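Below you'll find the structure, written out as structure tokens, and then a few comments.
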Amino acid sequence: MAQTHKQKRLSAWSTPVLLILILLVFTLLVTMLGDKSLARMAAQTMIRVTFVVGLWVFVGNSGVVSFGHAGYMAIGAYCSAWLTLKPQMKGLFLPDLWPFLANAEWHVLPAAVVSGLLAAFVALVSGAAILRLTGIAASIATFAFLAIVYTVYSSWEGVTGATSSVVGLARYADQWVTFGWASVTVLAAAWYASSASGLALRASREDEVAASASGINMYRHRLISLVVSAFFTGVAGALFGHSLGVLNPSSFYLGVTFITLAMLVVGGIGSLTGAVTGVLVLSIMIESLVRMERGVEFGETTLALPTGAQEILIGVIMILVLILRPAGLTGGRELRLRIGGR
Amino acid sequence: MNAIPQLFFDAMSLGGIYAMAALGIALIFGVMNLVNFAHGEYIAFCVFALIVPSTDAVAVMFLGKAPAIVLIPILLSIGAAVAVASEFFVFRHMRNATPVAMMISSFALGFVIQNSLLAVYGSRPKAISLWPELNTPVSIVGASVPLLQIIVILTTLAVVVTLALLLKKTKIGLEMRAAAENFTMARLLGVKANVVITGAFALSGALAAAVAMIMATQTGVADIRMGGQIMLVAFIATVIGGLGSLPGAVAAGFLIGAASVILQGFLPLEARPFRDAFLYTLVIVSLLLRPQGLFASNSAKPRV
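So the sequences go chain by chain: H and F.
Throughout the first sequence, residue numbering follows our numbering, covering 1 to 342 in sequence.
Throughout the second sequence, residue numbering follows our numbering, covering 1 to 304 in sequence.
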């Protein structure tokens with residue numbers, strides 16, 4: 001009995017290792033075979049992995065759909081910009097920053113960690129209120145949270161630059177840095193999912209009443225998972241800023257919320273493998289459609305999709321996946337070395 | 001210039017638009033637990049149906065040139081047709097999917113509609129003039145109010161009354177209410193699911209068309225992105241009104257309209273850009289105080 005339990009624990013740990021290996025192979029292939037623009041696409045994909053796996057820590061384990069995580073992403077992205085930009089530039093573009101921030105010129109790694117911590121702290125405060133709600137009301141409240149963050153960041157002229165973009169961020173987040181963070185996120189997500197809190201939370205996802213009758217404090221575990229989740233989405237935000245070099249509040253609103261949730265649902269909301277699969281599949285699909293829109297050469301003729309076809313096709317493919325496999329591509333199963341009974 | 005009646009008319013007309021959009025979302029949620037994110041795009045689609053398809057900056061009216069008596073029924077049926085088509089092609093195949101999967105596919109559908117409009121009409125907002133004479137101000141109880149605001153308020157009331165009569169007095173209305181209350185039970189008692197759901201989508205699409213006409217007249221702009229904001233507000237109104245409760249959706253729509261006009265009027269000048277942040281904070285507070293919604297129906301309470 002103890003033997004099988006041990007085996008199951010081991011086989012559960014094979015999931016994150018396998019997933020990281022897949023990410024590694026993906027990054028290696030893209031770096032070796034592709035040009036510069038493909039390497040940039042790999043970095044974007046790894047940032048999305050960080051974000052979506054971070055999102056999964058909350059959504060996948062609690063079963064509550066959150067529209068608010070793009071807000072945590074914005075908080076992380078701007079925090080890293082405040083900490084790392086050159087003081088002269090901040091004096092010019094963001095004149096109302098507090099003196100401590102205005103003079104800060106941190107190294108990028110501690111800045112990314114602190115950005116994640118700030119997002120986690122905001123999650124603790126906002127989650128303390130929002131997570132008293134359940135079901136669809138909780139989802140709406142996260143939506144309201146996103147709208148609040150967006151309004152504040154796109155109107156606070158002297159601190160966030162409002163709708164004019166913040167420019168000049170150090171572009172250090174290449175595919176390997178982002179791969180590193182994506183791996184850390186996958187490990188942390190697997191660790192959380194198999195921790196006592198993660199198990200309790202998933203019990204409450206399956207049956208709220210039964211879980212609370214067994215003494216599980218659902219509110220507390222949801223809050224813990226939201227804080228962990230917001231940390232990684234905050235880091236993803238910081239990486240996002242440092243991969244493009246430009247920040248604008250509208251990059252952290254409905255568009256990113258939609259595409260990341262779509263990745264999670266297409267991959268399969270119930271499993272960590274699903275989160276990673278969804279990001280990889282949709283990212284590869286988007287990239288190849290974008291390339292086809294630019295034109296693919298077959299011998300002498302160049303075939304190109306009409307402009308705008310890429311977005312329409314992505315939408316159609318997503319609808320088809322959801323119709324044919326409503327539980328996502330992985331159907332809630334994990335990738336494991338041994339097929340343990342789930 | 002009399003400020004209070006002015007505010008009142010502003011609040012009522014903005015609230016009216018929100019209420020109609022919220023009704024469109026609540027109708028569908030009631031019968032199939034679908035949060036239809038494509039609703040905002042139905043509105044945008046109807047606005048663009050008014051003009052000739054082209055990517056030029058100057059819009060040439062197409063349907064919009066027709067006299068109102070022809071235009072209104074045609075546009076209402078276009079709205080209904082789009083909604084019914086989306087049910088037929090997408091949501092009909094997802095009857096057994098989870099609400100989350102349906103919600104995401106409605107999001108994806110909205111994305112498809114939006115980008116199709118983008119491909120046909122281009123991304124620049126276009127100036128359009130639909131019934132410009134309606135924007136001439138008339139003076140009522142000391143406030144100068146555009147005629148349109150009064151029409152909006154009256155239209156909303158008319159729509160709500162008609163809908164209420166439809167739901168209370170006709171057979172399909174009865175079936176819809178039964179389905180909203182308990183869908184499985186209604187089916188067991190012989191209510192035809194497809195008829196009810198198609199009916200709900202048609203009504204919802206027609207409501208979207210009505211909102212589209214009002215917005216086109218009021219703003220004079222056709223913008224690809226016009227559906228997003230109103231969809232968000234309508235969606236929130238549906239929830240704080242109590243999901244599944246149609247009177248709740250209307251009341252909450254008016255409430256949000258009133259709150260945003262009042263905040264706009266009374267916030268100190270430097271805080272005014274942050275109006276929406278205050279508005280959404282109020283939304284969270286309202287949810288915390290009454291999570292089941294301000295006007296929740298009895299069936300919305302979870303049974304343990």
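Don't be surprised by glycine CBs; every beta carbon is placed ideally from N, CA and C.
Bear in mind the structure is a predicted one, so any value in this text is a computation, not a measurement.
Just to make sure I have the definition right: I need the residues of chain H whose C-beta is within less than 9 Å of the C-beta of Met-226 (chain F). Which are they? When 9 Å is used as the limit between beta carbons, Met-226 (chain F) is near no residue of chain H, the shortest such separation being about 13 Å.
Looking at the structure shown, is Leu-243 (chain F) part of a helix, part of a strand, or coil, going by DSSP? It is coil, neither helix nor strand.
Please tell me whether Tyr-280 (chain F) has its Cβ less than 7 Å away from any Cβ of chain H. So yes, Tyr-280 (chain F) belongs to the interface.
Asp-207 (chain H) versus Gly-127 (chain H) - alpha carbon distance: Note on geometry: alpha-carbon atoms of Asp-207 (chain H) and Gly-127 (chain H) lie some 21 Å from one another.
Is there at least one Cβ from chain F nearer than 7 Å to Thr-260 (chain H)'s Cβ? Among the CB atoms of chain F, none fall inside 7 Å of the CB of Thr-260 (chain H).
Lys-169 (chain F), DSSP secondary structure in three states: DSSP places Lys-169 (chain F) in helix when its eight states are reduced to three.
Rounded to whole angstroms, what is the Cα-Cα separation between Phe-252 (chain H) and Ile-136 (chain H)? Cα to Cα, Phe-252 (chain H) sits roughly 22 Å from Ile-136 (chain H).
Would Ser-225 (chain H) and Ser-62 (chain H) be called neighbours here (beta carbons separated by less than 7 Å)? The Cβ atoms of Ser-225 (chain H) and Ser-62 (chain H) lie closer than 7 Å to each other.
Three or more beta-carbon pairs under 8 Å between the region 274-292 of chain H and the region 63-71 of chain H, yes or no? Short answer: they don't touch.
In three-state terms, what does DSSP make of Val-65 (chain H)? In this structure, DSSP gives Val-65 (chain H) a state outside helix and strand, which the three-state scheme calls coil.
Using a Cβ cut-off of 7 Å, pull out every chain H residue sitting near Ser-116 (chain F), in sequence order please. Annotation: Cβ neighbours of Ser-116 (chain F) in chain H (cutoff 7 Å, chain order): Ile-312.
Contacting positions in the region 312-329 of chain H - beta carbon closer than 7 Å to chain F: Here the close residues are Ile-312, Gly-315, Val-316, Met-318, Ile-319, Leu-322, Ile-323, Pro-326.
Any chain H beta carbon closer than 7 Å to Ile-104 (chain F): Answer yes: the Cβ-Cβ gap between Ile-104 (chain F) and chain H drops below 7 Å somewhere.
What did DSSP end up calling Ile-216 (chain H) once you bin it into helix, strand or coil? Of the three classes helix, strand and coil, the one that applies to Ile-216 (chain H) here is coil, per DSSP.
Using a 10 Å radius around the Cβ and a threshold of 16 neighbouring Cβ atoms, would you call Ile-89 (chain F) buried or exposed? Reading off the sequence, residue 89 (chain F) comes out as Phe, not Ile. Within 10 angstroms of the beta-carbon of Phe-89 (chain F) lie fewer than 16 other beta-carbons, which makes it exposed.
Quick one: which residues of the region 89-103 of chain F get their C-beta closer than 9 Å to a C-beta of chain H? List them in chain order. Across the region 89-103 of chain F, CB contacts with chain H closer than 9 Å involve Phe-89, Val-90, His-93, Met-94, Asn-96, Ala-97, Thr-98, Pro-99, Val-100, Ala-101, Met-102, Met-103, in sequence order along the chain.
Val-211 (chain F), DSSP secondary structure in three states: Per DSSP, reduced to three states, the secondary structure at Val-211 (chain F) is helical.
Count the other CB atoms within 10 Å of the CB of Glu-287 (chain H); is the residue buried (16 or more) or exposed (fewer)? For Glu-287 (chain H), the number of other beta carbons within 10 angstroms of its own is at least 16, and it is reported as buried.
Determine whether the Cβ of Phe-274 (chain F) lies closer than 7 Å to any Cβ atom of chain H. Yes, Phe-274 (chain F) lies at the interface with chain H (some Cβ there is under 7 Å from its Cβ).
Verify the CB distance criterion: does Ile-262 (chain F) have a CB-CB separation below 7 Å to chain H? For Ile-262 (chain F), the answer is no, since every Cβ of chain H falls outside 7 Å of its Cβ.
Determine whether the Cβ of Phe-111 (chain F) lies closer than 7 Å to any Cβ atom of chain H. Output row for Phe-111 (chain F): interface = yes.
Spatial neighbours of Val-228 (chain H) in its chain, beta-carbon cut-off 6 Å, leaving aside the 5 residues before and after: In the same chain as Val-228 (chain H), and ignoring 5 residues on each side of it, the C-beta atoms closer than 6 Å to its own belong to Val-57, Tyr-192, in chain order.
If I'm right that Ala-127 (chain F) touches Val-221 (chain F) with Cβ under 8 Å, what's the distance once you round it to whole angstroms? With 8 Å as the limit, Ala-127 (chain F) and Val-221 (chain F) qualify as a contact, their Cβ atoms being about 6 Å apart.
What residues match up with Leu-247 (chain H) in a beta bridge as DSSP calls it? Leu-247 (chain H) is bridged to H:Val-166.
Neighbour list for Phe-107 (chain F) in chain H, Cβ cutoff strictly below 8 Å: By Cβ distance, chain H contributes Phe-258, Leu-261, Ala-262.
Which of helix, strand or coil does DSSP assign to Lys-86 (chain H)? Three-state DSSP puts Lys-86 (chain H) in coil, outside helix and strand.
Below 6 Å CB to CB, which residues in the same chain sit around Leu-255 (chain F) once its five sequence neighbours on both sides are set aside? Closer than 6 Å at the Cβ level, and outside the excluded window around Leu-255 (chain F), lies no residue.
Host alpha helix (DSSP H) of Pro-132 (chain F) (start-end): Pro-132 (chain F) -> no alpha helix (DSSP H), and no H or E assigned at all.
Where does Ala-77 (chain H) fall in DSSP's three states? Residue state for Ala-77 (chain H) is assigned as helix, using DSSP reduced to three classes.
If we ignore side chains and look at the alpha-carbon of each, how far apart do Leu-201 (chain H) and Met-185 (chain F) end up? A direct Cα-to-Cα measurement between Leu-201 (chain H) and Met-185 (chain F) gives close to 32 Å.
Could you check if Val-161 (chain F) is buried or exposed, using at least 16 other CB atoms within 10 Å of its CB as the buried criterion? Val-161 (chain F) counts as exposed, since fewer than 16 other C-beta atoms from the protein chains shown sit within 10 angstroms of its C-beta.
Run of the alpha helix (DSSP H) containing Arg-202 (chain H), from where it starts to where it stops: It spans 196-206 - the alpha helix (DSSP H) in which Arg-202 (chain H) sits, taken as one unbroken run.
Presumed contact (8 Å Cβ cut-off) between Pro-249 (chain H) and Ser-154 (chain H), rounded CB distance: The Cβ separation is near 4 Å, so the contact holds.
So that I know if they touch, is there some Cβ in chain H lying closer than 7 Å to that of Ala-26 (chain F)? Closer than 7 Å: no.
Met-1 (chain F) - DSSP class collapsed to helix/strand/coil: Confidence at Met-1 (chain F) is low in this model, with a pLDDT of 45, below 50, so the placement of that residue should be treated as unreliable; the coordinate-derived value is given next. Correct three-state label for Met-1 (chain F): coil.
Taking 7 Å as the CB-CB limit, is Gly-332 (chain H) close to chain F? Interface criterion not met: the Cβ of Gly-332 (chain H) is under 7 Å from no Cβ in chain F.
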